[in-house]
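Asker: First to last, the protein sequences are chains A and B. Using my numbering, read the first sequence as starting at 1 and increasing by one per residue. Using my numbering, read the second sequence as starting at 493 and increasing by one per residue. Think of the CB as a built atom: it goes at the ideal place given N, C-alpha and C, for glycine as much as any other residue.
Number of protein chains: 2
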Amino acid sequence: MELDAVEIDIGTPSPTVLVHSEDAEELGAHPLDRVQIAFDGDVLTGIVEVTDELLDRGELGVTRPLGHVTGPVEVTLAPRPESVADIRKKLDDVELDREEIATVVADINRDRLNDVELGAYVSAVYANGLSLAETMHLTEAMTDAGARLEWDADVVADKHSIGGVAGNRVTPIVVPIVAAAGVPIPKTSSRAVTSPAGTADTMEVFCPVEFSREELRAVVDETGGCLAWGGSVNLSPADDKIIRAENPLSLDPPGQVIASVLSKKLSAGSSHVVIDIPYGEGAKVDSLAEARELAVDFRRVGEHVGLRLECAITEGSQPVGRGIGPILEARDVLAVLAGEGPRDLRLKSLRLAELLLEACGVDADPAAILDSGRADERFRAIVAAQGGDPDVTVDDLDPGGQTATIAADEGGDVVHVDSRGLSEVARRAGAPRDQGAGILLHRRVGDAVAAGDPLFTVHAEKAEKLAEAREVATEREAVRVRPPDESLVERV
Amino acid sequence: MELDAVEIDIGTPSPTVLVHSEDAEELGAHPLDRVQIAFDGDVLTGIVEVTDELLDRGELGVTRPLGHVTGPVEVTLAPRPESVADIRKKLDDVELDREEIATVVADINRDRLNDVELGAYVSAVYANGLSLAETMHLTEAMTDAGARLEWDADVVADKHSIGGVAGNRVTPIVVPIVAAAGVPIPKTSSRAVTSPAGTADTMEVFCPVEFSREELRAVVDETGGCLAWGGSVNLSPADDKIIRAENPLSLDPPGQVIASVLSKKLSAGSSHVVIDIPYGEGAKVDSLAEARELAVDFRRVGEHVGLRLECAITEGSQPVGRGIGPILEARDVLAVLAGEGPRDLRLKSLRLAELLLEACGVDADPAAILDSGRADERFRAIVAAQGGDPDVTVDDLDPGGQTATIAADEGGDVVHVDSRGLSEVARRAGAPRDQGAGILLHRRVGDAVAAGDPLFTVHAEKAEKLAEAREVATEREAVRVRPPDESLVERV
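1) Can you name the start and end residues of the beta strand (DSSP E) that B:Q528 belongs to?
2) Could you check how far apart the C-beta atoms of A:E329 and A:G167 are, in whole angstroms? I think they sit under 8 Å.
3) From the DSSP output, read off the bridge partner residues of B:E494.
4) Quick one: Cα of A:D144 to Cα of A:G282, how far?
5) Name the DSSP bridge partner or partners of A:D144?
6) In the DSSP assignment, find the beta strand (DSSP E) that holds B:V535 and state where it starts and stops.
7) Taking contact to mean at least 3 C-beta pairs separated by less than 8 Å, is the segment 729-741 of chain B in contact with the segment 805-821 of chain B?
8) Taking 8 Å as the CB-CB cut-off, is A:L118 touching chain B?
9) Using the rule of at least 16 other Cβ atoms within 10 Å of the residue's Cβ for burial, across every protein chain shown, is A:H68 buried or exposed?
10) Establish whether the CB of B:R755 and some CB of chain A are separated by less than 8 Å.
11) Could you check which residue in A:E246, A:D93 and A:D221 has the C-alpha nearest to that of A:R213?
12) For B:R872, which residues from the same chain have a beta carbon less than 7 Å from its beta carbon, with the 5 sequence-adjacent residues on both sides left out?
13) Mind listing the chain A neighbours of B:N620? Cutoff is C-beta to C-beta under 8 Å, in chain order.
14) Under a three-way DSSP split, which group does B:H629 fall into?
15) Please report the residue range of the beta strand (DSSP E) in which A:D276 lies.
16) Pull up the CB-CB distance for A:T103 and A:A78, whole angstroms please, since I reckon it's below 8 Å.
17) According to DSSP, is B:S653 helix, strand or coil?
18) So which residues of chain A does B:N601 contact, with C-beta pairs closer than 9 Å?
19) Using a cut-off of 9 Å between C-beta atoms, extract the partners of B:S682 located in chain A.
20) Which of helix, strand or coil does DSSP assign to B:V701?
21) Output yes or no for whether 8 Å exceeds the beta carbon distance between B:K954 and B:R920.
22) Looking only at its chain, what residues have a beta carbon closer than 6 Å to the beta carbon of A:V174, apart from the 5 residues adjacent to it on each side?
23) Is it true that the segment 799-812 of chain B meets the segment 907-915 of chain B, where meeting means three or more beta-carbon pairs spaced less than 8 Å apart?
24) Compare the Cα-Cα distances from B:R602 to each of B:Q528, B:A970 and B:A710 and report the closest residue.
25) Counting along the chain, where does the beta strand (DSSP E) carrying B:A720 start and finish?
26) Got a sec: is the Cβ-Cβ distance from A:A245 to anything in chain B below 8 Å?
27) So which of A:I47, A:V449 and A:V301 has the shortest CA-CA distance to A:D33?
28) The segment 76-88 of chain A: which residues have C-beta closer than 8 Å to a C-beta of chain B, in chain order?
29) Please state the DSSP three-state secondary structure of B:A952.
30) Based on the DSSP secondary-structure assignment, which residues constitute the bridge partners of A:R549?
31) The ligand COA and A:F211: does the residue's C-beta get closer than 7 Å to at least one heavy atom of that ligand?
32) Do B:L848 and B:A649 have their CB atoms nearer than 8 Å?
33) Would DSSP call B:H512 helix, strand or coil?
34) Taking A:V472 as the reference, which of A:A431, A:A426, A:E486 and A:V449 has the closest Cα?
35) What is the DSSP secondary structure of B:R590, reduced to helix, strand or coil?
36) Provide the residue(s) that pair with B:T895 in DSSP beta bridges, ordered along the chain.
Structure follows, in structure tokens:
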């Protein structure tokens with residue numbers, strides 16, 4: 001059927017096309033069906049939604065992912081994508097081979113699957129797991145689906161944390177240490193999806209983080225490292241689409257996590273990688289045993305795809321550092337680089353840098369690099385190369401002026417600090433959009449407190465956001481205090 | 493945040509709302525997130541898509557399911573629906589209790605789940621199955637989610653086929669037989685989703701099929717039966733939403749099928765039901781053993797929810813009747829009611845009517861009712877009560893005039909007639925939208941053919957549809973002929 005393509009600006013991440021109900025009936029197309037659109041010598045796929053009034057008959061409304069399609073196009077009902085049969089197979093708990101996994105990844109990457117099918121894919125992988133062979137195939141297929149950065153050096157360092165821990169802003173400390181030790185470390189990071197800040201959001205407090213490949217290369221050539229947002233260089237694009245489908249149900253099956261992380265690292269052109277696996281109550285990995293199992297699989301798949309890989313299993317049952325939210329984390333980073341700041345953030349950063357340098361075969365002492373000021377200097381060089389102010393000080397970074405401090409109701413010991421609860425409070429306060437919004441933690445697990453002692457302070461830029469955040473903070477007992485005689489055994 | 497609701501006519505079945513990207517960022521809402529919309533004393537849920545140009549900042553675009561929302565509304569980011577945790581639990585293969593299943597059904601019914609979550613629900617049920625207890629809870633929850641028809645009689649008959657067999661238009665024959673035997677049978681049927689005709693599509697050849705509850709009651713009061721479309725009386729609305737999510741992957745887990753069918757029967761106010769379970773190559777149920785297992789579960793769940801239920805396990809490896817598509821099936825129906833027509837359609841209809849009447853405790857002979865002309869008379873009374881012409885004859889019903897006959901390449905025996913392949917050809921020919929489009933079968937399994945003998949004729953109303961259908965027909969060997977010496981043992 002020939003239709004006239006007109007742009008409809010709806011920001012769906014999938015290539016939705018709107019079809020007039022009578023044209024849809026004639027095509028035999030129902031909502032969620034796919035149509036093939038012949039345009040400019042290419043055949044594109046659209047996912048059908050039906051409308052009566054937004055279009056005239058004979059028009060095809062194309063949304064942003066297909067925004068370049070315009071004018072008369074030939075539209076036909078598309079057969080089901082091949083990968084739908086593979087997803088069904090995986091739901092039947094049949095192991096997929098290399099080719100089947102490549103088909104699934106290609107269909108996800110080209111937006112050929114609708115959301116129901118994407119939901120089925122992440123569910124199948126979650127319910128039935130991925131074998132080591134499947135994880136290896138998936139890692140390779142996801143890497144092949146996108147572009148790959150290339151660097152001149154043989155040794156290119158990288159790090160990744162599987163996340164779930166609030167604060168934990170080690171990357172802006174590890175990168176300048178490793179770069180100062182002479183190992184290139186072109187680090188790309190994510191923005192927050194459900195957390196109050198990603199590393200890219202925190203770095204944006206200091207300088208721009210969105211760069212083209214060429215611009216990134218220039219920063220790395222000049223400083224030996226970078227601290228940029230990964231989204232603008234389009235590494236492992238299938239991964240972003242899978243993560244979008246995992247988010248609504250918080251599905252994080254180990255095989256998918258491994259493929260996701262390692263495909264990003266391969267695409268970034270990295271050769272030597274340290275993976276931070278936090279475990280504990282509230283972290284993504286519950287137990288030490290599970291963390292160890294994940295580490296073994298990470299190492300096996302890493303070896304298979306040619307990465308030199310070390311895993312750091314880290315305590316993740318409470319936040320790392322004092323600040324949560326872009327500016328509050330940025331202040332912690334500057335303080336640690338100056339030889340001060342939260343002890344846990346310093347120690348974790350040093351240990352990760354040490355493991356990474358060891359993996360790279362470089363004999364250097366991270367603590368010495370940090371304490372000599374060389375890491376601080378290198379960090380400021382990167383900030384400058386990325387277009388920020390290299391002379392920034394902690395005092396330049398103002399947290400939101402609207403504050404509320406949550407105090408202990410009664411005296412006792414802090415028995416738990418809940419990353420997830422604090423993250424939600426920080427988001428309600430406006431983070432990451434309001435850079436100054438977030439939380440400053442005053443107490444950590446094991447600290448003794450008297451009744452009325454401050455536990456944490458919520459910062460916001462707007463009064464109404466502070467009110468919202470305060471409400472959540474009082475609902476959630478994000479910092480749990482128990483009287484000394486109940487700190488080990490709680491009466492319920 | 494206060495936004496101004498404006499209608500955006502997009503026929504998404506889910507309650508999508510469009511939010512300007514800057515408002516979305518301020519709300520902390522991502523695509524697929526939910527927002528709560530306070531309107532007219534009610535709190536409604538919308539699923540977020542983001543736009544830059546289709547709306548101004550401060551506007552909220554509401555799609556058809558929320559079309560009544562207009563003017564200033566208060567919009568807040570909604571927490572994740574409770575049922576998401578239950579779906580995750582089911583993905584973890586934990587049995588859900590009555591309350592959890594009720595929560596899932598309520599959230600599906602109120603459109604609180606996005607498509608990824610719906611995909612996860614149907615995947616979890618498919619991958620991990622439903623226990624008998626879960627199936628019972630699900631049947632009850634789905635029934636409770638919608639309205640229920642009520643009838644004055646104690647015995648209200650009904651039938652259902654779990655489908656997958658082309659042709660098979662037994663309902664318009666069974667209903668008048670049962671009604672003529674004195675048992676009320678207010679039958680509602682579906683339209684085609686992926687098949688070339690549903691019973692409602694075929695009945696629409698004779699008369700209107702869309703009625704309000706009151707209109708239906710009048711038809712049943714007058715004639716003892718009806719042959720209407722179920723969609724307009726909104727029975728078990730959650731079922732339609734689940735089926736929409738099952739379709740893309742053709743998922744049909746037995747527990748969900750049972751709950752789906754029985755919730756519709758309970759909602760229709762039926763008390764005595766016969767379930768047709770076709771099995772065989774190409775049918776929804778592969779084997780006799782599987783069909784028997786399903787029948788046992790159907791009976792158990794039926795008993796639990798207070799239905800008197802019989803199952804008929806039927807041969808489903810080839811189409812029933814000669815015609816496929818609305819008019820061609822309607823011609824078969826009229827012929828059988830006149831004591832002629834395809835023998836398999838007659839015999840299957842009689843057997844189902846017999847089982848149903850037995851279940852109802854009525855001593856009547858379906859063959860005698862059919863052969864005396866009383867079923868034909870009753871059918872015409874229903875057609876008249878529904879607003880059609882009671883004097884319709886086979887000759888009034890013209891199949892599409894564009895035809896192509898597919899002939900045997902070589903002589904031999906017909907070894908398989910593929911329902912799925914023929915259905916696809918019929919759909920390409922224009923069925924069910926073009927009522928005259930479809931297929932007339934000339935041969936059945938076991939028939940001997942000579943080279944050049946006609947196997948089936950494709951009918952279409954439009955030449956270009958015929959061309960499309962003919963192309964699919966030659967690709968697919970929908971009627972398989974083998975030389976006599978290879979009809980049992982095929983050399984590959």
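Answerer: Taking the definition as stated:
1) R526 to F531
2) By a beta-carbon distance limit of 8 Å, A:E329 contacts A:G167. Their separation comes to about 6 Å.
3) The partner list for B:E494 (beta bridge, DSSP) reads B:E566.
4) 34 Å
5) Bridge partners of A:D144: none, in fact.
6) B:V535 -> beta strand (DSSP E) spans D534 to T543.
7) With the cut-off at 8 Å, the segment 729-741 of chain B and the segment 805-821 of chain B do not touch.
8) So yes, A:L118 belongs to the interface.
9) exposed
10) What sits at residue 755 of chain B in the sequence shown is Ser, not Arg. Answer no: the Cβ-Cβ gap between B:S755 and chain A never drops below 8 Å.
11) A:D221
12) P882
13) A127
14) Looking at B:H629 - three-state DSSP - the assignment turns out to be helix.
15) H272 to Y279
16) At roughly 15 Å, the Cβ-Cβ gap does not stay under 8 Å, so A:T103 and A:A78 are not in contact.
17) strand
18) What B:N601 touches in chain A: nothing, since even the nearest Cβ is about 17 Å away.
19) Within chain A, no residue comes near B:S682; the closest Cβ sits about 13 Å away, beyond 9 Å.
20) Correct three-state label for B:V701: coil.
21) no
22) Residues of the same chain with a CB within less than 6 Å of the CB of A:V174, apart from the 5 flanking positions on each side, are K159, S349, L352 and A353 in chain order.
23) yes
24) B:Q528
25) G717 to W721
26) Output row for A:A245: interface = yes.
27) A:I47
28) R80, V84, I87 and R88
29) strand
30) The structure shown does not extend to residue 549 of chain A, since chain A is modelled only from 1 through 492, so no value can be given for it.
31) In the structure on display, the ligand COA does not appear, and there are no ligands present to speak of.
32) yes
33) Correct three-state label for B:H512: strand.
34) Here the closest residue by C-alpha is A:A426.
35) Annotated three-state conformation of B:R590 is helix, per DSSP.
36) B:H951
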